[in-house]
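Taking the numbering used here, the leading residue of the sequence shown gets 69, the next gets one more, and so forth.
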Amino acid sequence: MVKKITKIMAQKRPGRYNVYLDDQYAFPISEAVMIKYRIFKGMEVDAALKAEIIAADDVSKAYSRALDYLSHQLRTEKEVHDKLRDEDVDETVIDATMQQLRELRLLNDQQYADAYVRTAKRTSDKGPRVIRQKLRQKGVGEQLIDDALANQFSLEERVDNATELAQKLARRYQRQAFKTMQQKVRTGLMTKGFDTETIGIVIESLDITPDPDEQWAALVEQGQKLWRRNRKYAFSERALRTKRNLYQKGFLMDDINRFIDEQNEAE
69 MVKKITKIMA QKRPGRYNVY LDDQYAFPIS EAVMIKYRIF KGMEVDAALK
119 AEIIAADDVS KAYSRALDYL SHQLRTEKEV HDKLRDEDVD ETVIDATMQQ
169 LRELRLLNDQ QYADAYVRTA KRTSDKGPRV IRQKLRQKGV GEQLIDDALA
219 NQFSLEERVD NATELAQKLA RRYQRQAFKT MQQKVRTGLM TKGFDTETIG
269 IVIESLDITP DPDEQWAALV EQGQKLWRRN RKYAFSERAL RTKRNLYQKG
319 FLMDDINRFI DEQNEAE
């Protein structure tokens, strides 16, 4: 059944209109849809055209929501899709909206991944593995991540960032046994997402040497705690347990024996 548009009334919201067919309210539309379908008073509309216009308006509304979401920062396709889904937009409308955004180059996961890697390497201490994990969570494909890391985060830059982080970690753990400090530096680099190659280069080139006085002070501090903890044992068992614990913590056996000798003299 064909009906005629008898009135087009502007809504309070800018760019939105209500359409009346045969003096009865029929459907709302956006200005973009009105222009696209050249809607005017007196135009005849059958059921098929009405359904097409309503569907186009659904896409137009979803597109506006997506633009608002994209206006704050770059987003991945998954983030935009999930945002529209959370707002109860129909899946077919989401698909049409996503296609429109792609055609207008408003969505590009490769550009997003490139920008994310560039920002992460400048503003954080994260290595490639953690960056990859973050991009995966945002729905970026593996090949796009590979390309972004390869093009935006060179080995030299990874080594520079990892070296800076290693130096901070070394200062943080400087009062522990030297071997323990080295292991914690290595573990810290791994936790932050740096790869084995980068870590190897950094550890090998890191100019850190143990300070004998600091190492001795750290051993005494931890040794005294262990010595008190093991006080219920006879001296030989007490010494053995304390030695074993201090060795496990990474202290040198010569320093450990010196500490035990001093405890023996004190006893």
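In this text, a Cβ means the ideal position worked out from N, Cα and C, and glycines have one as well.
Just so you know, the alpha carbons of Thr-255 and Ala-234 end up roughly 10 Å apart.
Annotation: the region 84 to 148 contains the following complete segments of the beta strand (DSSP E) (minimum length 3 residues), in chain order: 84 to 89 and 92 to 98.
A straight line joining the alpha-carbon of Glu-289 with that of Ile-328 spans about 13 Å. In the DSSP assignment, Ala-334 falls within the alpha helix (DSSP H) that extends over 321 to 334. When C-alpha distances from Asp-323 are compared across Glu-282, Leu-257, Asp-114 and Lys-151, the shortest belongs to Glu-282. As summarised for the region 174 to 257, there are no continuous beta strand (DSSP E) elements at least 3 residues long confined to that stretch.
For the options Tyr-131, Gln-179 and Ile-199, the alpha carbon positioned closest to that of Gln-167 is the one of Tyr-131.
Put simply, the backbone Cα of Asn-229 is about 24 Å away from that of Lys-206.
Pairwise C-beta distances place the region 103 to 121 in contact with the region 69 to 83, as three or more of them are shorter than 8 Å. Membership of Lys-75 in the beta strand (DSSP E) is indicated by the continuous run 71 to 78. When secondary structure is reduced to three states using DSSP, Ile-271 falls in the helix class.
When rounded, the separation of the alpha-carbon atoms in Glu-335 and Ile-276 is 37 Å.
When DSSP states are grouped into helix, strand and coil, Asn-298 belongs to the coil group.
DSSP, read as helix, strand or coil, puts Asp-163 in helix.
The three-state secondary structure of Glu-155, taken from DSSP, is coil.
Around the CB of His-140, fewer than 16 other CB atoms lie within 10 Å, so the residue is classed as exposed.
In this chain, the alpha helix (DSSP H) harbouring Arg-306 covers 303 to 316. The region 197 to 211 makes contact with the region 164 to 184, as at least three CB pairs between them are under 8 Å.
In this structure, the straight-line span from the alpha carbon of Leu-257 to that of Phe-246 is close to 17 Å. If you check the CB distance, Ala-164 and Val-127 come in under 8 Å.
Rounded to whole angstroms, Ala-134 and Leu-212 show a C-alpha spacing of 23 Å.
Taking all protein chains shown into account, Lys-300 has fewer than 16 neighbouring C-beta atoms within 10 Å of its C-beta and is therefore exposed.
When DSSP states are grouped into helix, strand and coil, Pro-82 belongs to the coil group.
Rounded to the nearest whole angstrom, the CA to CA distance from Thr-191 to Glu-225 is 13 Å. Note on Ser-304: under 16 other CB atoms within 10 angstroms of its CB, so exposed under the neighbour-count rule. Residue environment analysis places Lys-194 among the buried positions, since at least 16 neighbouring C-beta atoms fall within 10 angstroms of its C-beta. Using a Cβ distance threshold of 8 Å, Val-101 and Ala-78 do not count as a contacting pair.
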